[in-house]
Amino acid sequence: MNINTQDVSQAEEVFQLASKDLISFGKLFLPDDFTRSETPAFHYEMADYIDDSECKQLAIILPRGHGKTVLTKASILKDFLFCPKDDMLFYAWVSATQKLSVGNMDYIKHHLEFNEQILYYFGKHRGRKWTEEDIELKNGCKLISKSNVAGIRGGAKLHKRYDLIILDDFEHEANTITQDARAKNANLVTAVVYPALEPHTGRLRVNGTPVHYDSFINNLLINYGRSQSDKKDFAWKVITYKAIMPDGTPLWESWFPIKKLEEKKKFYRDSATPQKFFQEYMMEVQSLEDALLTREHIKFWKGRYEKKDEINFLIIDGEEVPVNIFIGCDPATDIDTKESDFSVIMVIAIDSDNNLYVIEYERHRSIPTIGAKDIDGNFLNKKGVVDYIIELYEKYNAASATVEDVAMNRSIFQALNDERRRLNKFSIAVIPEKPGGRNKVNRIYSGLSGRFSMGTVHLRENMFDLINEIVTFGPRMAHDDTIETLFYAQLHAYPPTMKQEEKGERRWYRPKKQIKSWVVA
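Quick note on my numbering: the sequence shown kicks off at 979 and runs consecutively.
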């Protein structure tokens, strides 16, 4: 018998490589899926983190058709086939629909039963249980495939909980329609899926594309972006890219070249749903082309606040800029929305050229109307809306504070009046403002669009929530609390009437009103 030892050693080398590298495994055992196109760089990045057992929470948020599910299928097969004999793996795979769930399981079963390469290297692996939702391999590995996140509750194999749970496009248009539905999705992930994992070794992987601005996937992106901006650690490893990169090149040149992406963009535009292209391929639930406000409308400022001789200044580039200070407040006092909406209290400054500077804001969920205090005046728990208004009013020597006036907010005004009386601070001017009967988006847009279009609104670069609400402003935005507070803050704002001495120290002063003759010429 003649045996080509070179071919055998080469095959063993390839086999060993496949055991350590997901892309190599795919090309060797699943060539129909992995050789249709050149493997892009971001697939190697995905594969590295999918193979990393120390990566406990992985979010892969990519455009449609960019390989999320294909790599998921390959990773399950690879993990099961190379599972050590003295171990067993218990995985759950959740898809958007029953049809997808069954199709995914059929893929795994087909390759385990009929893939010649797999049979040659690993032999037969069909176990005793082999259904549309539940399979068990000869080596003890078990896979459950479901179309409902709640369906994996309480899963266990002998002594083990899930080693890996994969939520594969589990959010879709049908289960993100209402606020309650979106909250339920988030609760299922945190209260059902996460606790079902093995405590020390269990991993959670989420594959998806944002379908709503307040979806679990999009909130992951928002929170991840906030952590990056603040340079803080984040519990999830997030891999996310747009189909068209910032430099205008396609993410996956060999499979989705610019020409193909332009075809898709034209299809959505001609089908009267242009925003769908940006949602499905650009990870933007509110498209730039469809947005009412964009990043181009935002300017940033750096500086600090000072008060001299009862005059408010912003120190910008070493120069004193006299300003008037105003406060806006949008309280979340409705019992039905208090858990999801934010109470926001914002401080803005207006200079003599009517430029608007956002100095700071407090944005909190589930805070009381007024905080409880002990006999020494120390807060027992959270500060309340009234506490923040008074604190910021005095800190910045504000001219007035505008507070949304609806039935649910009457307790705010009552508490403000009581506190002003108790503290003997009647100089705190609060203006109640009824929202009126206009649509909220129209009201906010009509009040702010002029300032934004003229480039007079200046934010600090770390004001992540306000920036997000500006660039996603529109009927589909998830939260509008911060941008609505900006609307209220500037509603009764006006520029200062300061003059500067022409000589000497060139101090700023308020000109005295001149007595005018009653005779009119």
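Glycine included, C-beta positions come from ideal geometry on N, C-alpha and C. All of these numbers come straight from a predicted model, not from anything done at the bench.
Which one or two residues does DSSP pair with residue i in a beta bridge?
i       : result
Ser1321 : His1342
Ser1378 : Phe1304
Arg1282 : Ile1293
Gly1186 : Ile1039
Arg1104 : Leu1115
Leu1175 : Tyr1140
Phe1068 : Lys1120
His1217 : In the sequence under discussion, the amino acid at residue 1217 is Ile, which differs from the His named in the question. Answer is Ile1038, bridged to Ile1217.
Tyr1085 : For Tyr1085, which the question treats as bridged, DSSP gives no partner whatsoever.
Glu1023 : Looking at the DSSP assignment, Glu1023 forms no beta bridge with any residue, so it has no partner.
Glu1241 : BP columns for Glu1241 are empty, so no partner.
Distance check for residue j and residue i, CA to CA, integer angstroms please.
i       : j       : result
Leu1166 : Ala1152 : 16 Å
Lys1316 : Ile1345 : Caution applies to Lys1316, whose pLDDT of 48 falls short of 50 and renders its modelled position unreliable; the value that the coordinates give is listed next. Going from the Cα of Lys1316 to the Cα of Ile1345 covers about 8 Å.
Ile1348 : Lys1277 : 34 Å
Asp1064 : Lys1120 : 15 Å
Ala996  : Asp1010 : 16 Å
Gly1045 : Pro1235 : 15 Å
Tyr1501 : Tyr1140 : Nothing in the structure corresponds to residue 1501, since the chain is present only between 979 and 1499.
Leu1239 : Pro1018 : 16 Å
Phe1304 : Val1325 : 6 Å
Tyr1374 : Ile1368 : 10 Å
Met1476 : Lys1285 : 14 Å
Leu972  : Ile1028 : The first residue shown for the chain is 979 and the last is 1499, placing residue 972 beyond what the model contains.
Tyr1085 : Leu1078 : 10 Å
Pro1410 : Ile1200 : 32 Å
Ala1385 : Gly1433 : 35 Å
Glu1032 : His1178 : 10 Å
Leu1271 : Arg1341 : 21 Å
Trp1279 : Ala1327 : 12 Å
Lys1403 : Glu1372 : 10 Å
Lys1087 : Val1322 : 53 Å
Asp1443 : Lys1107 : 50 Å
Ala1350 : Lys1361 : 8 Å
Arg1400 : Lys1215 : 51 Å
Gln1478 : Arg1282 : 20 Å
Cys1307 : Leu1394 : 13 Å
Is DSSP giving residue i helix, strand or coil here?
i       : result
Leu1358 : coil
Lys1351 : strand
Asp1010 : helix
Lys1316 : Per-residue confidence for Lys1316 stands at a pLDDT of 48, beneath the threshold of 50, marking its modelled position as unreliable; no derived number is given.
Pro1228 : strand
Phe1003 : helix
Asp1146 : strand
Ile1028 : helix
Lys1063 : coil
Ala1310 : coil
Asp1458 : coil
Ile1406 : coil
His1436 : strand
Gln984  : Residue placement at Gln984 is flagged as unreliable, the pLDDT there being 46, under the threshold of 50; a coordinate-derived value is accordingly withheld.
Ala1159 : helix
Val1336 : strand
Asp1192 : coil
Ala1152 : helix
Lys1412 : coil
Ala1500 : Since the displayed the chain opens at 979 and closes at 1499, residue 1500 lies outside it and no answer follows.
Measure how close the beta-carbons of residue i and residue j come, nearest whole angstrom, since I'm counting them as under 8 Å.
i       : j       : result
Ile1195 : Val1171 : Incorrect: roughly 14 Å between the Cβ atoms, too far for contact.
Asn1440 : Ser1207 : 6 Å
Arg1072 : Ile1130 : The amino acid occupying residue 1072 in the given sequence is Val; Arg does not appear at that position. About 7 Å; that satisfies the 8 Å criterion.
His1103 : Lys1124 : In fact, because the Cβ distance is near 22 Å, the residues do not count as touching under 8 Å.
Asn1332 : His1436 : Actually they are not in contact, since the Cβ atoms of Asn1332 and His1436 sit about 12 Å apart, beyond 8 Å.
Pro1473 : Asn1302 : 7 Å
Asp1459 : Phe1357 : Incorrect: roughly 23 Å between the Cβ atoms, too far for contact.
Leu1000 : Ser1053 : 6 Å
Val1336 : Arg1488 : About 25 Å; that fails the 8 Å criterion.
Tyr1191 : Thr1463 : Between Thr1463 and Tyr1191 the Cβ distance is about 18 Å, and since that is not below 8 Å, they are no contact.
Ile1122 : Glu1110 : So it is not a contact: roughly 11 Å between Cβ atoms.
Lys1242 : Tyr1259 : 7 Å
Val1364 : Ile1390 : 6 Å
Flag this pair as touching only if the segment 1246-1256 and the segment 1174-1188 have three or more C-beta atom pairs under 8 Å; answer yes or no.
no
State whether the segment 1371-1385 contacts the segment 1464-1471, with contact taken as three or more CB pairs (one from each stretch) at a distance under 8 Å.
yes
Between the segment 1152-1164 and the segment 1199-1217, are three or more C-beta pairs nearer than 8 Å?
no
Would you call the segment 1206-1226 and the segment 998-1012 in contact, with 3 or more CB pairs under 8 Å?
no
Touching by the beta-carbon criterion (3+ pairs, under 8 Å), the segment 1288-1296 and the segment 1243-1250:
no
Taking 8 Å as the cut-off, does the segment 1032-1049 touch the segment 1088-1101 (at least 3 CB pairs, one atom from each stretch)?
no
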